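Plus 10 on top of the position in the sequence shown (first one is 1) and you've got this note's numbering. Built from N, CA and C at the ideal position, the CB exists for glycine as well. Keep in mind that this is a model prediction, so the values were computed, not measured.
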Amino acid sequence: MKKIFFLASCLAVQLTAFSQNNDPVIMTIGGEPVLRSEFEYSYNKNNTEGVIDKKTVEEYVDLFINYKLKVAAALGEKMDTMTSYKKEYVGYRDQQVRPTLINEADVEAEARKIYNDTKNRVGPDGLITPAHILLRLPQQAGNDEQIRVKNRADSIYNAIMAGGDFAQFASKYSQDPGSNKNGGNIGQISRGQTLKEFEDVAFSLRDGQVSKPFLSPAGYHIVKMLGHAPMPSYDSLRADIHRFIDARGIRESIINGKLEQMVKATGLPQEQIMNQRADSLANLDSDMKYLFKEYHDGLLLYEISNREVWEKASKDEAGLQAYFKKNKKKYVWETPRFKGIAYHTRNIDDVIAVQKVLKGKPFNQWAEVLRSTFNADSVLRIRVEKGIFKMGDNPLVDKDVFGVDAKTKPVKDYPYDATYGDVLKAPKEMDDVRAQVVADYQEALEQGWVAVLRERIPVKVEWDVLATVNKH
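Laid out in structure tokens, this is it:
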């Protein structure tokens, strides 16, 4: 027994050594080792043939380190313990895990069940293909209306019996828009798919036979039997049933059923079963393992980046203003811009009224001033396009402000056109280039944040291992 234990221990050591040699540590970040396989997975996934800005392995190292530093910062803040984070991560992970709970045999069993259920519903009468002529009769119709429609149905029936073409009569007289264009053909049906009054007559007909007019809740019908057929074999319908399963999301129902069976069989909660399944998949498939890690780390990256950069930049008005003031010279336009409005009025007096009401008001208040003054009730007195326009953005601005021979399109019911605002050679205030300032401020915040992380968290790269990365 001791010998067996000793041999097993030696084998375990050898396997561990082999694993370490086969997948060595490529870098250590904050004391946590990163294996070469993880770096390779990330590098190759982000540098496929379709990527425009492909990186060399050496160029990708810094990007990967920055990514890992941010994730380490998020873990340090215990963001992975948040309920919202856990729920979102499990949701993404389980999208990969759930399909592996079933196999093609499970899907095939469901397909056969669908076929057998359908076959039982069709029953011994099989399938029929009827055509009909429908003359609609409202259920609340008076006696005169009932007689009129009944007489019309009898007239059509008699004409068909005298040799008239059923399909032509259906196209001309049937009030069923779903079938009259097809000569009255409603397609193949089984019992239980339409009105009982219709079925009782249709299933009693022989091929080619035409029924006398009869009444259903929809009106008067004349039915011609085009043909009978037995339920097709499973093999002939198998491909269609499988397509039906995929199109209707029935695989998810099969998975749910399989999970219920596993819960009953093991006595374990569903969450634990899914966790065990995910661990098993990760152990068997390195790509799956790193895909799970990508979900895990990517969600953490989003949470902490939103807090440290994106949300911070969008809400830090004082910081944005200070950044703009410090870097104002970098925000220039190649050509002048028109900061104002192009507007159209119903009445000529409102052309001047618009300009009077806006005079002296801050640009960011113009929209509300115009709305409350001119468009507060159901009758809109003016139509307005507000913004910072360059040449070519708006024909009216091009014509009135930039002096371009532009063709303007009349606005219906608003015959009077005008513009109001100022021509700027360069941005005067931060709002003139807000989107660009926010983007630049975010980049500055991120650079500063990464610099702090690099100072705080130690990073060691094994350059000799990096040289062995498999690029494919």
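- Runs of the beta strand (DSSP E) spanning 3 or more residues and lying entirely within the region 122 to 163 occur at 137 to 146, in chain order.
- Burial is judged here by how many other beta carbons sit within 10 angstroms of a residue's own beta carbon; Ser246 has fewer than 16 and is exposed.
- Ranked by Cα distance from Gly40, the first of Leu463, Gly308, Phe348 and Leu269 is Leu463.
- Listed in chain order, the non-local C-beta contacts of Thr38 below 6 Å within the same chain comprise Lys470, local neighbours out to five positions each way being set aside.
- Under the DSSP definition of a beta bridge, Lys470 partners with Thr38.
- With distances taken between CA atoms, Gln105 lies nearest to Arg287 out of Asp210, Lys160 and Arg287.
- Glu209 counts as buried, since no fewer than 16 other beta carbons sit within 10 angstroms of its beta carbon.
- Fewer than three pairs of CB atoms, one per stretch, sit closer than 8 Å, so the region 182 to 193 makes no contact with the region 124 to 133.
- Secondary structure of Phe254 (DSSP, three-state): helix.
- Straight-line spacing of the CA atoms in Ala292 and Asp33 works out to 16 Å.
- The DSSP-derived three-state label of Tyr341 is coil.
- The straight-line gap separating the alpha-carbon atoms of Leu406 and Asp359 is approximately 19 Å.
- About 6 Å separates the Cβ atoms of Glu472 and Val35, confirming a contact at the 8 Å cut-off.
- DSSP places Ser181 in the uninterrupted alpha helix (DSSP H) bounded by Phe176 to Tyr183.
- In this structure, Met235 places its C-beta atom within 8 Å of the C-beta atom of Ile138.
- Val475 and Arg46 do touch by the CB rule: their CB atoms are close to 6 Å apart, below 8 Å.
- Ser263 is classed as exposed because its beta carbon has fewer than 16 other beta carbons within 10 Å across all chains shown.
- The region 170 to 180 makes no contact with the region 274 to 283: fewer than 3 CB pairs, one atom from each, lie closer than 8 Å.
- Within the region 339 to 382, the beta strand (DSSP E) runs of at least 3 residues that lie entirely inside it are, in chain order, 347 to 355.
- DSSP, reduced to helix, strand and coil, places Thr429 within a strand of the structure shown.
- By the neighbour-count definition (other C-beta atoms within 10 Å, threshold 16), Ile362 is an exposed residue.
- Residue state for Lys191 is assigned as helix, using DSSP reduced to three classes.
- Put simply, the region 306 to 320 touches the region 96 to 111. At least three CB pairs are less than 8 Å apart.
- Relative to Gly229, the option among Ile283, Ala151 and Lys336 whose CA is nearest is Ala151.
- With fewer than 16 other Cβ atoms inside 10 Å of its own Cβ, Ile62 counts as exposed.
- Excluding five sequence positions before and after Glu395, the CB atoms of its chain that fall closer than 7 Å to its own CB belong to Ile351, Ala352 and Asn404, given in chain order.
- The Cβ-Cβ distance between Lys268 and Leu79 does not fall below 8 Å.
- Per DSSP, Ala239 is one residue of the beta strand (DSSP E) stretching across Gly229 to Ala239.
- Taking 3 residues as the minimum length, the region 261 to 343 contains no beta strand (DSSP E) run wholly inside it.
- When Phe49, Asn57, Lys55 and Ala84 are compared, the shortest CA-CA separation from Ile467 is found for Ala84.
- When DSSP reads this structure, Gly397 sits in a beta bridge with Gly350.
- Going by beta carbons, Phe334 and Met401 fall outside the 8 Å limit.
- When Phe412, Lys417 and Asp432 are compared, the shortest CA-CA separation from Gly397 is found for Asp432.
- Asn113 counts as exposed, since fewer than 16 other beta carbons sit within 10 angstroms of its beta carbon.
- The three-state reading of DSSP puts Val44 in strand, counting E and B together.
- In this structure Pro43 is exposed. Its beta-carbon is surrounded by fewer than 16 other beta-carbon atoms within 10 angstroms.
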